[in-house]
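Residue numbers (our numbering), protein chains in the order written: chain A, 1 to 187; chain B, 1001 to 1187. Data block below; observations after.
2 protein chains.
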Amino acid sequence: MKYCSNCGSEVEYKIPATDNRERACCPACNTVHYVNPKIVVGTIPVWQDKILLCKRAIEPRHGYWTLPAGFMELHETTHAGALRETWEEAQARVELGPLFTCLDVLRAEQVHLFYRATLLEPTFGAGPESLEVGLFGEAEIPWDELAFKTVSTTLTRFFEDRQAGFYGLHTGDVFEPTHWTPSHFKG
Amino acid sequence: MKYCSNCGSEVEYKIPATDNRERACCPACNTVHYVNPKIVVGTIPVWQDKILLCKRAIEPRHGYWTLPAGFMELHETTHAGALRETWEEAQARVELGPLFTCLDVLRAEQVHLFYRATLLEPTFGAGPESLEVGLFGEAEIPWDELAFKTVSTTLTRFFEDRQAGFYGLHTGDVFEPTHWTPSHFKG
């Protein structure tokens, strides 16, 4: 950020009087510009024993596979955002289940939230941001062609929990989730 | 936003070619300025059967009581942010437990994450953003003087779960959490 988005003056980087870290501050209109991490919301859409994945038609990671997910927008809840992204990227309608992963991605300044989800019917298709969409059994997951570490972590934890018979909540850094809160419900 | 933070030109509000909603777009340098919800991270700090609350020394809600919480910053995880806010507002050192609430606050364009936490020792104090900090038993909570709906919702769910003997994860809109994932562990 070089200019104030409120008045167009050049900003100065300094620690505001009532703060403890450097911000972009406008010397003309006194606006302090805060920049914070963004939220990515997505789903793990399940049909029977298979998972719905999308092949990305956009950068970053064009041509790699992902769970449907994207930036949470203003004026929507995390639930609504997860449903919207699942529709936009995979043209799929799902019923949301519990939050499954809440993963910090420090490098990208993002937090990724994935909800478990069940396809309402086995119909789906490639939205404008996908090249291809398909259902994959555990043995068919293209592990070497997954787009993001949060996707591989979420899928790994999902299959582990499914095997154990208890789905949990996994939080922490993408490289090593530090907390697992198991669900009380089987299946 | 009226001016491009990259080049200082006046922005235009329009739907970019590859998008489906209006953004602030710069006609000079072609930057698209995305604005997304912010994350607030906090804790429910417990010492024996009491909860640590802070009386706010800043607006909004100056003089009202809150759980320690604040905006997640760049270059930190949600865990680190929750620990930092607990230190900054309540001068308290805690061990984090599982994520307890993930609540949408549409009006404020925020998502609030509260982690369960245990005080490492019964020492605390008012940081620069607090007038006063204290431990409250369930019967002593100043319900009519709580600062935010996410705080009252989080405390209500906490005492319900404590009573039930199972702590869960509560997600959804602040006015009505839609999912409860109980923990498998008692206490």
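Backbone N, C-alpha and C define an ideal beta-carbon position, used for all residues, glycine too. Just so we're clear, the structure is a prediction, and the values are computed from it rather than from any experiment.
Problem set entry | Any C-beta of chain A under 8 Å from that of Y1013 (chain B) | To locate residue 1013 (chain B), count along the second sequence from 1; it is residue 13. Output row for Y1013 (chain B): interface = no.
For this session: Given a cut-off of 8 Å, decide if L52 (chain A) and L135 (chain A) are closer than it, judged by their beta-carbon atoms.
Result: In the first sequence, residue 135 (chain A) corresponds to position 135, counting from 1. In the first sequence, residue 52 (chain A) corresponds to position 52, counting from 1. For L135 (chain A) and L52 (chain A), yes; Cβs fall inside 8 Å.
Exercise. Chain A partners of F1148 (chain B), CB-CB under 8 Å?
Worked result: To locate residue 1148 (chain B), count along the second sequence from 1; it is residue 148. Neighbours of F1148 (chain B) on chain A: none; closest Cβ ~17 Å, over 8 Å.
Problem set entry | Under 8 Å between C-beta atoms of E109 (chain A) and P37 (chain A) | The residue labelled residue 109 (chain A) in the question sits at position 109 within the first sequence. The residue labelled residue 37 (chain A) in the question sits at position 37 within the first sequence. Yes, the pair counts as a contact, with Cβ atoms nearer than the cut-off.
Exercise. Hey, is the region 1039-1056 of chain B in contact with the region 1066-1073 of chain B, meaning 3+ C-beta pairs nearer than 8 Å?
Worked result: yes
Problem set entry | Contact check, P1045 (chain B) vs A1092 (chain B), beta carbons under 8 Å | Position 45 of the second sequence holds residue 1045 (chain B). Position 92 of the second sequence holds residue 1092 (chain B). Against a cut-off of 8 Å, the Cβ pair of A1092 (chain B) and P1045 (chain B) comes out as a contact.
Exercise. Is it right to say D144 (chain A) is buried, meaning 16 or more other beta carbons lie within 10 angstroms of its own, or is it exposed?
Worked result: Counting from 1 along the first sequence, the entry for residue 144 (chain A) is found at position 144. Classification of D144 (chain A): exposed, given that the 10 Å Cβ count is below 16.
For this session: Buried or exposed for D19 (chain A), please, with buried defined as at least 16 other CB atoms from any protein chain shown within 10 angstroms of its CB.
Result: Indexing the first sequence from 1 puts residue 19 (chain A) at position 19. Answer is exposed; the Cβ neighbour count stays below 16.
Exercise. Does the pairing of the region 1087-1106 of chain B with the region 1167-1177 of chain B give three or more beta-carbon distances under 8 Å?
Worked result: yes
Exercise. By the criterion of Cβ-Cβ separation under 9 Å, what are the contact partners of G8 (chain A) in chain B?
Worked result: Position 8 of the first sequence, counted from the start, is the residue given in the question as residue 8 (chain A). Simply K1002, Y1003, C1004, G1008, S1009, E1010.
Problem set entry | Where H75 (chain A) meets chain C, residues with beta-carbon distance less than 7 Å | Considering every chain present, this structure includes no chain C. Its protein chains are A and B.
Problem set entry | First through last residue of the beta strand (DSSP E) which encompasses L1052 (chain B) | On the second sequence, residue 1052 (chain B) is found 52 positions in, with the first residue counted as 1. Element bounds for L1052 (chain B): 1050-1056.
Problem set entry | Closer than 8 Å to chain A by CB, D1161 (chain B) | Within the second sequence, numbered from 1, the residue matching residue 1161 (chain B) stands at position 161. D1161 (chain B) does not count as touching chain A.
Exercise. For the beta strand (DSSP E) that contains D144 (chain A), what are its first and last residues?
Worked result: Start at 1 with the first residue of the first sequence, and residue 144 (chain A) comes out as number 144. D144 (chain A) -> no beta strand (DSSP E), and no H or E assigned at all.
Exercise. Going by DSSP, which residues form a beta bridge with T219 (chain A)?
Worked result: Here chain A covers residues 1 to 187 and nothing more, so residue 219 (chain A) does not appear.
Exercise. Which residues share a DSSP beta bridge with W1065 (chain B)?
Worked result: In the second sequence, residue 1065 (chain B) corresponds to position 65, counting from 1. Answer is B:K1055, B:L1146.
For this session: Closer than 9 Å by beta-carbon distance: list the chain A residues that pair up with T1109 (chain B), in chain order.
Result: The residue given as residue 1109 (chain B) occupies position 109 in the second sequence. According to the sequence displayed, residue 1109 (chain B) carries Glu and not Thr. Here the neighbours are L74, H75.
Problem set entry | Within chain B, partners of V35 (chain A) - CB distance below 7 Å | Taking the first sequence and counting its residues from 1, the one referred to as residue 35 (chain A) is at position 35. The answer, in chain order, is L1074.
Exercise. According to DSSP, is R1093 (chain B) helix, strand or coil?
Worked result: Along the second sequence, read from residue 1 onward, the residue named residue 1093 (chain B) stands at position 93. Coil.
Problem set entry | Distance, Y1003 (chain B) Cα to T150 (chain A) Cα | Taking the first residue of the first sequence as position 1, residue 150 (chain A) is located at position 150. Taking the first residue of the second sequence as position 1, residue 1003 (chain B) is located at position 3. Looking at the two C-alpha atoms, the distance is approximately 34 Å.
Exercise. Using a beta-carbon distance below 8 Å, is T118 (chain A) in contact with chain B?
Worked result: For the purposes of this step, residue 118 (chain A) is identified with residue 118 of the first sequence, where counting begins at 1. For T118 (chain A), the answer is no, since every Cβ of chain B falls outside 8 Å of its Cβ.
Exercise. Chain A partners of R1021 (chain B), CB-CB under 8 Å?
Worked result: Position 21 of the second sequence holds residue 1021 (chain B). Per Cβ cutoff of 8 Å: E73.
For this session: Note down, in chain order, every chain B residue with its Cβ under 7 Å from the Cβ of K50 (chain A).
Result: In the first sequence, the residue the question calls residue 50 (chain A) occupies position 50. In chain order: nothing, as chain B lies at least about 23 Å away.
Exercise. Using the beta-carbon of each residue, which ones in chain B are nearer than 9 Å to K38 (chain A)?
Worked result: Locating residue 38 (chain A) in the first sequence gives position 38, where the first residue counts as 1. Those are Y1034, N1036, P1037, K1038, I1039, listed as they occur along chain B.
Exercise. Are the Cβ atoms of G1097 (chain B) and A1082 (chain B) separated by less than 8 Å?
Worked result: Your numbering for residue 1097 (chain B) matches position 97 in the second sequence. Your numbering for residue 1082 (chain B) matches position 82 in the second sequence. No, the Cβ-Cβ distance between G1097 (chain B) and A1082 (chain B) is not below 8 Å.
For this session: Establish whether the CB of T156 (chain A) and some CB of chain B are separated by less than 8 Å.
Result: As a working note, residue 156 (chain A) is residue 156 in the first sequence. No, because no Cβ of chain B sits closer than 8 Å to the Cβ of T156 (chain A).
Exercise. G134 (chain A) bridges to which residues according to DSSP?
Worked result: Reading the first sequence from its first residue, position 134 is the one you call residue 134 (chain A). A:L53.
For this session: Could you name the residues of chain A that L1067 (chain B) contacts, counting a contact when the two beta carbons are closer than 7 Å?
Result: The residue you call residue 1067 (chain B) lines up with position 67 of the second sequence. Per Cβ cutoff of 7 Å: no residues; L1067 (chain B) is ~18 Å from chain A at best.
Problem set entry | Three-state class that DSSP yields for K186 (chain A) in the structure shown | Indexing the first sequence from 1 puts residue 186 (chain A) at position 186. Low per-residue confidence applies at K186 (chain A): pLDDT is 36, beneath 50, and the placement is therefore not dependable, though the value from the model is reported in the following sentence. Of the three classes helix, strand and coil, the one that applies to K186 (chain A) here is strand, per DSSP.
Problem set entry | DSSP beta-bridge partners of G70 (chain A) | The residue you call residue 70 (chain A) lines up with position 70 of the first sequence. G70 (chain A) pairs with A:V41.
Exercise. What residue from B:V1040, B:N1006, B:I1039, B:V1041 has the CA that sits closest to A1024 (chain B)'s CA?
Worked result: Here residue 1024 (chain B) refers to the residue found at position 24 when the second sequence is read from its first residue. Considering only alpha carbons, the answer is B:N1006.
For this session: Determine, using beta carbons only, whether P98 (chain A) comes closer than 8 Å to chain B.
Result: Along the first sequence, read from residue 1 onward, the residue named residue 98 (chain A) stands at position 98. Output row for P98 (chain A): interface = yes.
Exercise. So the beta strand (DSSP E) A1024 (chain B) belongs to, where does it begin and stop?
Worked result: Within the second sequence, the letter at position 24 stands for residue 1024 (chain B). Per DSSP, A1024 (chain B) belongs to the beta strand (DSSP E) from 1023-1025.
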